[in-house]
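First comes the structure, then the notes that go with it.
2 protein chains.
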Amino acid sequence: MNPGPSRPKAAPTVREVAELAGVSPMTVSRTLSGGKNVRREVQQRVMDAVATLGYHRNENARSIRPGHRSDLIGVAITNLANPYYGHFALGVEEVAAQHGRRMLLGNTGEDVAREKQLVSDFVGRQVEGLIVVPTGGAADHLKGTRLGDIPLVLASRTVRGLKADTVLIDDVNGAYESTKKVLEAGHTRIGFLGNVISVATASRRYEGFCQALDEFGIESDPGLVTRGQQDAAAARKAMEALLDLEDPPTAVFSTNNRNTIGALEAIGQRRLRDPKLSPPTLIAFDDVELAHLMQVPLLVVSHNPKELGAQAARMLFERLDHPERAKRPRLIELPVAVGDILNQPRAKGRRVKSVAGG
Amino acid sequence: MNPGPSRPKAAPTVREVAELAGVSPMTVSRTLSGGKNVRREVQQRVMDAVATLGYHRNENARSIRPGHRSDLIGVAITNLANPYYGHFALGVEEVAAQHGRRMLLGNTGEDVAREKQLVSDFVGRQVEGLIVVPTGGAADHLKGTRLGDIPLVLASRTVRGLKADTVLIDDVNGAYESTKKVLEAGHTRIGFLGNVISVATASRRYEGFCQALDEFGIESDPGLVTRGQQDAAAARKAMEALLDLEDPPTAVFSTNNRNTIGALEAIGQRRLRDPKLSPPTLIAFDDVELAHLMQVPLLVVSHNPKELGAQAARMLFERLDHPERAKRPRLIELPVAVGDILNQPRAKGRRVKSVAGG
DNA sequence: CTGTTAGCGCTTTCAT
DNA sequence: ATGAAAGCGCTAACAG
Numbered sequence: 003m004n005p006g007p008s009r010p011k012a013a014p015t016v017r018e019v020a021e022l023a024g025v026s027p028m029t030v031s032r033t034l035s036g037g038k039n040v041r042r043e044v045q046q047r048v049m050d051a052v053a054t055l056g057y058h059r060n061e062n063a064r065s066i067r068p069g070h071r072s073d074l075i076g077v078a079i080t081n082l083a084n085p086y087y088g089h090f091a092l093g094v095e096e097v098a099a100q101h102g103r104r105m106l107l108g109n110t111g112e113d114v115a116r117e118k119q120l121v122s123d124f125v126g127r128q129v130e131g132l133i134v135v136p137t138g139g140a141a142d143h144l145k146g147t148r149l150g151d152i153p154l155v156l157a158s159r160t161v162r163g164l165k166a167d168t169v170l171i172d173d174v175n176g177a178y179e180s181t182k183k184v185l186e187a188g189h190t191r192i193g194f195l196g197n198v199i200s201v202a203t204a205s206r207r208y209e210g211f212c213q214a215l216d217e218f219g220i221e222s223d224p225g226l227v228t229r230g231q232q233d234a235a236a237a238r239k240a241m242e243a244l245l246d247l248e249d250p251p252t253a254v255f256s257t258n259n260r261n262t263i264g265a266l267e268a269i270g271q272r273r274l275r276d277p278k279l280s281p282p283t284l285i286a287f288d289d290v291e292l293a294h295l296m297q298v299p300l301l302v303v304s305h306n307p308k309e310l311g312a313q314a315a316r317m318l319f320e321r322l323d324h325p326e327r328a329k330r331p332r333l334i335e336l337p338v339a340v341g342d343i344l345n346q347p348r349a350k351g352r353r354v355k356s357v358a359g360g
Numbered sequence: 003m004n005p006g007p008s009r010p011k012a013a014p015t016v017r018e019v020a021e022l023a024g025v026s027p028m029t030v031s032r033t034l035s036g037g038k039n040v041r042r043e044v045q046q047r048v049m050d051a052v053a054t055l056g057y058h059r060n061e062n063a064r065s066i067r068p069g070h071r072s073d074l075i076g077v078a079i080t081n082l083a084n085p086y087y088g089h090f091a092l093g094v095e096e097v098a099a100q101h102g103r104r105m106l107l108g109n110t111g112e113d114v115a116r117e118k119q120l121v122s123d124f125v126g127r128q129v130e131g132l133i134v135v136p137t138g139g140a141a142d143h144l145k146g147t148r149l150g151d152i153p154l155v156l157a158s159r160t161v162r163g164l165k166a167d168t169v170l171i172d173d174v175n176g177a178y179e180s181t182k183k184v185l186e187a188g189h190t191r192i193g194f195l196g197n198v199i200s201v202a203t204a205s206r207r208y209e210g211f212c213q214a215l216d217e218f219g220i221e222s223d224p225g226l227v228t229r230g231q232q233d234a235a236a237a238r239k240a241m242e243a244l245l246d247l248e249d250p251p252t253a254v255f256s257t258n259n260r261n262t263i264g265a266l267e268a269i270g271q272r273r274l275r276d277p278k279l280s281p282p283t284l285i286a287f288d289d290v291e292l293a294h295l296m297q298v299p300l301l302v303v304s305h306n307p308k309e310l311g312a313q314a315a316r317m318l319f320e321r322l323d324h325p326e327r328a329k330r331p332r333l334i335e336l337p338v339a340v341g342d343i344l345n346q347p348r349a350k351g352r353r354v355k356s357v358a359g360g
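Chains Z and S, in that order, give the protein sequences. Heads up: the first sequence runs through residues 3 to 360, numbered per the numbering used here. Heads up: the second sequence runs through residues 3 to 360, numbered per the numbering used here.
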């Protein structure tokens with residue numbers, strides 16, 4: 003009657019199932035693996051025993067046998083709170099599921115130490131492969147030898163000096179094309195809202211930004227370049243500072259969705275006080291929900307984070323499921339779509355055509 | 003020279019490390035578990051061997067020993083692409099990390115079959131506990147016996163007839179209070195944008211909504227109630243339909259962030275065509291980035307999805323780490339914050355005090 | 001301090 | 001069609 007201190011009764015094992023079904027463990031094992039060479043009737047008895055005992059076969063014990071896959075992949079991303087990485091993780095998960103794999107997901111919070119710890123743990127858990135959005139710090143722990151030669155795919159960011167499959171967004175070009183488009187529209191003072199420099203995407207996008215300025219013979223004004231904003235709050239402050247300048251930029255390049263949100267908040271807030279404020283044109287790398295409806299001139303450089311994750315996963319499974327094909331590390335750059343400048347103020351903006359994209 | 007077909011050389015084992023270090027496997031094991039009773043010098047030799055071989059101890063093999071924790075929890079959520087669940091997962095992950103656990107994360111996509119499959123797999127992988135955002139379909143597979151009595155925490159939604167720790171948002175009250183506030187502001191025709199009915203949150207929020215209407219003696223007009231919008235696109239259409247009504251609602255209750263986005267898109271789009279459009283007041287359950295800057299009268303019912311995840315994880319670890327304390331299933335409802343109505347139109351909207359309309 | 005033995009849950013191999 | 005034995009990688013328990 004009294005269940006007692008509810009000792010977490012050890013999970014039933016094959017042996018117990020076997021006993022209850024009146025067969026040997028081997029027969030249970032066979033039944034569970036498809037039922038080859040087991041009489042229908044016996045199979046039924048086994049399945050009944052499984053059901054009554056609530057038996058689940060121990061995948062961990064199973065996976066220590068040689069030649070057995072763990073069906074597990076390890077994924078380390080930097081910030082799960084960012085919807086960008088939510089989509090990314092979903093892309094990975096979906097492809098992993100298609101390939102019959104499960105996903106161990108860890109959040110690094112942009113902390114190398116945590117990344118190291120996570121990766122090491124993943125390897126210990128016998129993941130078949132790793133997908134990592136590297137934090138950008140030292141990355142010895144990602145070296146092949148340290149990983150026991152488990153396949154690794156880097157996503158969204160590279161690591162200098164690390165040979166591994168990599169999927170990136172075409173950052174440089176996206177930044178270049180979009181900046182160019184805004185320059186063509188006549189802007190000459192363009193601000194820059196960036197995230198941490200050590201993050202590879204940040205510098206790549208800055209690179210493209212500068213390329214375009216160079217091409218137009220414009221010297222980047224250091225006073226217009228801000229860096230290191232990791233979240234929307236910081237970005238908002240940075241944007242406010244830009245707006246407060248004596249000679250504020252007429253356009254601002256925002257490196258990522260966090261900066262875009264912050265920038266739009268700053269602008270939106272200002273406008274509540276001064277409805278006539280004519281906001282700067284915003285170049286937004288990464289698409290952001292609702293941004294296009296904010297009545298701020300906006301040029302979106304959009305791409306698909308879910309596809310980024312899916313692609314990373316595909317590269318991984320290419321290696322895992324076809325080790326015979328795989329050769330040297332591959333680098334894939336996913337295309338971005340540079341849109342048109344939306345919400346142009348009616349009077350001014352002369353129509354610039356050009357359609358860019360993938 | 004030629005590495006050959008690159009046979010994925012089996013991961014090194016304790017034995018190999020032991021051999022290289024000139025000790026027994028046991029000494030390696032001891033060293034790796036803290037180094038008790040191993041001479042410093044020998045430890046060093048072992049660590050060197052570990053480093054040269056790139057050895058990672060096999061956690062799976064380790065975890066089959068009796069009494070050993072797997073340090074793994076299984077988390078099944080419905081839609082990783084929704085930033086809401088990204089935050090949720092982050093909350094879980096952080097608390098799990100604090101407790102030294104790793105997270106197996108699966109996405110159900112609101113599909114019961116997938117949920118069932120995931121949960122079963124998680125159990126087979128020896129997770130110590132489960133956190134599930136139930137899809138809402140049949141849930142036999144979540145019954146204790148089927149789970150091998152692994153602790154389960156339901157998050158965000160309940161399952162009727164299932165005894166398990168549960169963390170919810172205070173949906174009913176949040177919907178009630180916010181609707182009431184809008185009724186007090188003088189609105190009498192209030193639309194409803196809902197998601198799938200089978201989802202428990204949906205009906206709970208609808209319940210609160212109706213409660214408030216009842217209290218003000220207003221009969222809910224079926225023509226104003228829409229249901230089943232799972233994503234922003236569907237929500238947008240539903241909102242457009244509401245706006246197209248001959249006698250459109252002056253306020254609209256949006257059940258969740260997907261519906262809010264869709265509603266704001268619909269309104270924003272309309273306004274581009276007709277800048278004078280006076281948009282309905284939006285009651286937004288779930289906070290949404292940028293929403294408050296959209297110049298749409300807005301009442302946000304906000305809460306913290308990350309905290310929801312953290313709380314779910316805390317309940318789980320309470321049971322795991324203190325099995326002696328744990329008693330009957332607990333239900334926690336996290337409070338919501340009902341804000342003020344923002345972005346009220348200045349000129350027109352005559353200030354209606356808190357007097358109900360018959 | 002260190003090594004030997006045994007066995008965790010499972011399945012491959014080899015009987016029967 | 002079924003079972004017995006052996007061993008995967010690891011570590012308690014017990015020597016020494």
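All C-beta atoms in this analysis are idealised placements derived from N, C-alpha and C, irrespective of residue type, glycine included.
- Using a Cβ-Cβ distance under 8 angstroms, would Val198 of chain Z count as near chain S? no
- Query: Short check: CB of Glu61 of chain Z to CB of Arg127 of chain S, under 8 angstroms?
  - Reply: yes
- Query: Where DSSP assigns a beta bridge to Ile79 of chain S, which residues make up the other side?
  - Reply: S:Asn109
- Item | C-alpha distance - Gly111 of chain Z paired with Val169 of chain Z, whole-angstrom precision | 20 angstroms
- Query: When the cut-off is 8 angstroms and only beta carbons count, does Leu34 of chain S lie next to chain Z?
  - Reply: no
- Cut-off 7 angstroms between Cβ atoms - residues of its own chain near Arg206 of chain S, not counting five sequence neighbours on either side: Asp173 and Val174
- Task: Would you kindly work out how many angstroms separate the C-alpha atoms of Pro281 of chain S and Val298 of chain S, rounded to a whole number?
- Result: 6 angstroms
- Message: Using a Cβ-Cβ distance cut-off of 8 angstroms, determine whether Glu61 of chain Z contacts chain S.
- Response: yes
- Below 8 angstroms between beta carbons: does that hold for Arg159 of chain Z and Ala187 of chain Z? no
- By Cβ distance, which residues of its chain are closer than 6 angstroms to Leu82 of chain S, with the 5 residues on each side in sequence left out? Asn109
- Task: Please list the partners that His89 of chain Z has in chain S, where partner means a Cβ-to-Cβ separation under 8 angstroms.
- Result: Leu82 and Ala83
- Could you tell me how far apart the beta carbons of Ile343 of chain S and Lys183 of chain S are, in whole angstroms, since I believe they sit closer than 8 angstroms? 7 angstroms
- Message: One question on the structure: do Ala12 of chain S and Pro331 of chain Z come within less than 8 angstroms of each other, judged by their Cβ atoms?
- Response: no
- Item | Closer than 8 angstroms to chain Z by CB, Asp123 of chain S | yes
- Which partner residues does Ile133 of chain S have in the DSSP bridge list? S:Val77 and S:Val155
- Straight-line CA distance for His143 of chain S to Val121 of chain S? 8 angstroms
- Task: Below 7 angstroms CB to CB, which residues in the same chain sit around Ser256 of chain Z once its five sequence neighbours on both sides are set aside?
- Result: Leu195, Thr262, Ala265, Leu284, Ile285, Ala286 and Phe287
- Query: Under 8 angstroms, do Ile192 of chain Z and Leu226 of chain Z count as touching if we go by C-beta distance?
  - Reply: yes
- Message: In the DSSP output, which residue or residues are listed as bridge partners for Ser256 of chain Z?
- Response: Z:Leu195 and Z:Ala286
- Give the residues from the stretch 139 to 167 of chain S that approach chain Z closer than 8 angstroms (Cβ to any Cβ), ordered along the chain. Thr147, Arg148, Leu149, Gly150 and Asp151
- Can you give me the Cβ contacts of Tyr86 of chain Z inside the same chain, cut-off strictly under 7 angstroms, excluding the 5 residues immediately before and after it? Asn259, Asp288 and Pro307
- Same chain only: Cβ atoms within 7 angstroms of Val19 of chain S, ignoring 5 sequence neighbours per side: Val30, Val48, Ala51, Val52, Leu55 and Tyr57
- Query: Whose CA, out of Z:Leu132, Z:Leu279, Z:Ile269 and Z:His305, lies closest to the CA of Arg321 of chain Z?
  - Reply: Z:Leu132
- Message: Give me the subset of the stretch 264 to 277 of chain S whose CB atoms are less than 9 angstroms from a CB atom of chain Z, sorted by chain position.
- Response: Leu266, Glu267, Ile269, Gly270, Gln271, Arg273 and Leu274
- Message: Which residue wins for smallest C-alpha separation from Arg103 of chain Z, given the options Z:Arg116, Z:Val77, Z:Gln271 and Z:Ser26?
- Response: Z:Val77
- Item | For Phe90 of chain S, the nearest candidate out of S:Pro337, S:Glu309 and S:Pro347 (CA to CA) | S:Glu309
- Item | Gly341 of chain Z, DSSP secondary structure in three states | strand
- Query: Does the beta carbon of Ala214 of chain S come closer than 8 angstroms to any beta carbon on chain Z?
  - Reply: no
- Message: Less than 8 angstroms between the C-beta atoms of Gly311 of chain S and Gly176 of chain S, yes or no?
- Response: no
- Message: According to DSSP, simplified to helix, strand and coil, what is Val52 of chain S?
- Response: helix
- Task: Compile a chain-ordered list of the residues in the stretch 11 to 27 of chain S whose CB is closer than 9 angstroms to at least one CB of chain Z.
- Result: Lys11, Ala12, Ala13 and Pro14
- Query: How many whole angstroms separate the CB atoms of Thr252 of chain S and Ala240 of chain S, which I take to be in contact at a CB cut-off of 8 angstroms?
  - Reply: That pair is no contact at about 17 angstroms.
- Query: Any idea what DSSP makes of Glu186 of chain Z, helix, strand or coil?
  - Reply: helix
- Query: If you run the structure through DSSP and keep just helix, strand and coil, what is Leu333 of chain S?
  - Reply: strand
- Query: Between the Cα of Val125 of chain Z and the Cα atoms of Z:Gln100, Z:Ser72, Z:Arg162 and Z:Ala99, which residue gives the shortest distance?
  - Reply: Z:Ser72
- Message: What does the alpha-carbon distance come out to for the pair Val135 of chain S and Ala157 of chain S?
- Response: 5 angstroms
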